[in-house]
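Protein sequence lines, in the order shown, are assigned to chains H and Z.
The first sequence begins at 494 in our numbering and counts up by one.
The second sequence begins at -18 in our numbering and counts up by one.
Here's the structure, in structure tokens; my notes come after.
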Amino acid sequence: EPEVTQTPSHQVTQMGQEVILRCVPISNHLYFYWYRQILGQKVEFLVSFYNNEISEKSEIFDDQFSVERPDGSNFTLKIRSTKLEDSAMYFCASRGQGGFEAFFGQGTRLTVV
Amino acid sequence: EDQVTQSPEALRLQEGESSSLNCSYTVSGLRGLFWYRQDPGKGPEFLFTLYSAGEEKEKERLKATLTKKESFLHITAPKPEDSATYLCAVQSLEDSSYKLIFGSGTRLLVRP
């Protein structure tokens, strides 16, 4: 069964460092998303991406965040200068052309120390 | 503002004890309501999509229903492996990005 793959599963980084979270969406999907979940809180939308550009971003997604689809399979989220409050689970999701439901990866747990 | 509220926050059931989880929503035109299952430390796993009031979907011991203001996830004769957090999410018709607005979830524990 096709699935969304995320790497790494866990990343620990120093405050102020840059991190790149990687995702391989389901192969024939065209719409890509990043969500995050701070421990004990709701899953929150960060950004949506279609046709090589951002289609919508939330207030959380400030200038420290960027997304990229560097090739035909990967979708990345970069945080330029991490803060303690960026510690969370980050989920990549993808959606196919014909459906409304999004399929999620297993997440990357980011810990900023 | 689009909003999703789930209740109860947590639910403990004995194996075989049926119950229901509630998701009430406020959205500017519902495109779809989604149920996901989330195991600890994992990503949300898609269960159902409901589009219009009166619609019902079933999968094994789970049945999801939808009205104009809320959705219920009915769990019939649950087993310990049904223990998880169940998330409800909505999509607005006015949203061209098709993003999901999630509730806080219901943590379900089924004891043997």
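Each residue gets a CB set at the ideal place from its N, CA and C atoms; glycine is no exception.
Remember, it's a predicted structure, so these values are computed and weren't measured experimentally.
How about residue i and residue j: do their beta carbons lie closer than 8 Å?
i	j	result
Z:Ser52	Z:Val91	no
H:Glu537	H:Ser551	yes
H:Asp579	H:Leu603	yes
Z:Ser1	Z:Leu47	no
Please classify residue i: is it buried, with 16 or more other beta-carbons within 10 angstroms of its beta-carbon, or exposed?
i	result
Z:Pro21	exposed
Z:Ala34	exposed
H:Arg588	buried
H:Pro501	exposed
Z:Pro93	exposed
H:Asp555	exposed
Z:Tyr32	exposed
Tell me, please, which residues DSSP counts as bridged to residue i.
i	result
Z:His55	Z:Ser1, Z:Lys44
H:Arg529	H:Glu537, H:Tyr583
H:Phe554	For H:Phe554, which the question treats as bridged, DSSP gives no partner whatsoever.
H:His503	H:Arg602
H:Phe597	H:Ala586
Straight-line CA distance for residue i to residue j?
i	j	result
H:Cys516	H:Asn567	6 Å
H:Glu546	H:Leu570	13 Å
Z:Leu43	H:Ser559	38 Å
H:Asn521	H:Glu594	14 Å
H:Gln590	H:Ser574	34 Å
So is the beta-carbon of residue i under 7 Å away from any non-hydrogen atom of the ligand ZN?
i	result
Z:Leu68	With respect to the ligand ZN, the structure shown offers nothing to examine, as it has no ligands at all.
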